[in-house]
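Notes follow once the structure below has been shown.
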Amino acid sequence: MTSNLPMSGQTALVTGATGGIGLATAVALAGLGARVGVVGRDEKRTAAAVQAVLAVPGSGGADGFLADFSDPREVRALAAEVLAAYSRLDVLVNNAGGYWSDRHVSADGLEWTFAVNHLAPFLLTSLLEERLRESAPARSAPARIVTVASDAHRAGRIEFDDLQAERGYAGMRAYAQSKLANILFTRELARRLSGSGVAAYSVHPGTVRTGFAREDAGRLFGLVLRAGALLMKSPEQGAHTSVYAASSPELVGRTGEYLAKSRVAKPSARAQYDVAAARLWSVSEDLVAGSA
Ligand SMILES: NC(=O)c1ccc[n+]([C@@H]2O[C@H](COP(=O)([O-])OP(=O)(O)OC[C@H]3O[C@@H](n4cnc5c(N)ncnc54)[C@H](OP(=O)(O)O)[C@@H]3O)[C@@H](O)[C@H]2O)c1
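Each residue of the sequence shown is one higher than the one before, starting from 934 at the first, in the working numbering.
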């Protein structure tokens, strides 16, 4: 049995909140009384999500923000807008992400999966971190950064010699690498934030019926997703662990953990390799610096 703290008076920002797990997370946080910043990349879908969050009984309010996460300049502009709008930020949920069967490249020539799933939340977090730190003393529990990873990380390894998958691309390999990166990022982030009043968690939401991989699932994976849809969790069920990470008092003092089924779980051995976490951090800093 898990409990979540009420969040009235608090502000949470949820990326990828236009559908699936992100929208369900935004709705659930609003249900706890938080004001929710809804981040999307499409104006209409974002406006619809804002309306859905506002309609939640007890909602603390909702605001829409737009950014395409494949472009670090848009991530920077998003952070500036959020900082201007919110003098207080209690929770950041890095949820936006996806799977692409074929290799795509961003406007900066970076491999798409790595850019959207890892570099964008890495950059957004670094730009909002100070506001989360400043907001922490106003809370009875630490401010929180929640990054939605996946159990798919277990098949992943960080290919430091070929991070952009130029020597060969496979959708699942790129996805697993990016989700392993989410967990390593969270571990290093928690270490760096130690004593700051801000905690960081990574989350596996389960296998959830959403728009996941809708842009470019590939034939085989598309078939698997369609065939398995009935067995998957609903988006509301898929949001439980993110909401738990954002608000449960049970997690106080346990920063850096990987969570699944609303409890602490053990990630793969590679996801616990702190040397790789520090190296990934440094490489990521260099990669996002180019967009400054
Ligand atoms: N579904 C699962 O079984 C599962 C399992 C493990 C982990 N996850 C993780 O859960 C998270 C949410 O996925 P989901 O299953 O809810 O999928 P989803 O329904 O496709 O939602 C993904 C969200 O990310 C946004 N997004 C995608 N590309 C973007 C970009 N370039 N810029 C800005 N936003 C972008 C989407 O916006 P649009 O509405 O504009 O497309 C959408 O809001 C992901 O990080 C995923 O890796 C999912």
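A virtual CB, placed ideally from N, CA and C, is assigned to each residue, including glycine.
Heavy atom of ligand 1 within 7 angstroms of F1047 beta-carbon: Walking along the sequence shown from the start, residue 1047 turns up at place 114. For ligand 1, not one heavy atom lies less than 7 angstroms from the Cβ of F1047.
message: Taking the alpha-carbon of S941 as reference, which of D1219, A1146, S1180 and Y1102 has the nearest alpha-carbon?
response: Position 8 of the sequence shown, counted from the first residue, corresponds to residue 941. When C-alpha distances from S941 are compared across D1219, A1146, S1180 and Y1102, the shortest belongs to S1180.
Burial state of V1208, where buried means 16 or more other Cβ atoms lie within 10 Å: Here the question's residue 1208 lines up with position 275 in the sequence shown. So V1208 counts as exposed.
Contact belief for P1138 with V1049 at Cβ below 8 angstroms, rounded distance in angstroms: Taking the first residue of the sequence shown as 1, we reach residue 1138 at position 205. Taking the first residue of the sequence shown as 1, we reach residue 1049 at position 116. Between V1049 and P1138 the Cβ distance is about 17 angstroms, and since that is not below 8 angstroms, they are no contact.
8 angstroms contact criterion, which P1175 and T958 should meet: CB distance rounded: Within the sequence shown, numbered from 1, the residue matching residue 1175 stands at position 242. Within the sequence shown, numbered from 1, the residue matching residue 958 stands at position 25. Strictly speaking, residue 1175 in this sequence is Ser, with Pro absent from that position. About 5 angstroms separates the two Cβ atoms, so the contact holds.
query: Which word fits M934, buried or exposed, when buried means at least 16 other C-beta atoms lie within 10 angstroms of its C-beta?
result: Counted from its first residue, the sequence shown places residue 934 at position 1. For M934, the pLDDT reaches just 45, beneath the cut-off of 50, and the residue's location in the model is therefore unreliable, although a value from the coordinates is still provided. When all chains shown are included, M934 counts as exposed.
task: Using a threshold of 8 angstroms, state whether the C-beta atoms of G1031 and A1146 are closer than that.
output: For this step, residue 1031 is matched to residue 98 along the sequence shown. For this step, residue 1146 is matched to residue 213 along the sequence shown. Contact flag set, yes.
query: Quick one: is the Cβ of D1035 within less than 7 angstroms of any heavy atom of ligand 1?
result: Stepping through the sequence shown from its first residue, residue 1035 is reached at position 102. It does not: the Cβ of D1035 is nowhere closer than 7 angstroms to a heavy atom of ligand 1.
- prompt: Across which residues does DSSP place L946 in a beta bridge pair?
  reply: Reading the sequence shown from its first residue, position 13 is the one you call residue 946. Within the DSSP bridge table, the entry for L946 names G970 and L1025 as partners.
message: Given this structure, state the Cα-to-Cα distance separating I1078 from W1033, to the nearest angstrom.
response: Counted from its first residue, the sequence shown places residue 1078 at position 145. Counted from its first residue, the sequence shown places residue 1033 at position 100. Annotation: I1078 to W1033 spans about 25 angstroms, alpha carbon to alpha carbon.
query: Between G1171 and V1141, what straight-line distance do the alpha-carbon atoms span, to the nearest angstrom?
result: Within the sequence shown, numbered from 1, the residue matching residue 1171 stands at position 238. Within the sequence shown, numbered from 1, the residue matching residue 1141 stands at position 208. Spanning the two alpha carbons is a distance of roughly 6 angstroms.
- request: Name the residue from L1113, G1128, T1046 and Y1102 whose alpha carbon lies nearest to the alpha carbon of R1090.
  value: To locate residue 1090, count along the sequence shown from 1; it is residue 157. Of L1113, G1128, T1046 and Y1102, the smallest CA-CA separation from R1090 is found for L1113.
Neighbourhood of A1040 by C-beta distance below 8 angstroms, restricted to the same chain and skipping five residues each side: Start at 1 with the first residue of the sequence shown, and residue 1040 comes out as number 107. Within the same chain, A1040 has close Cβ partners S1003 and D1004.
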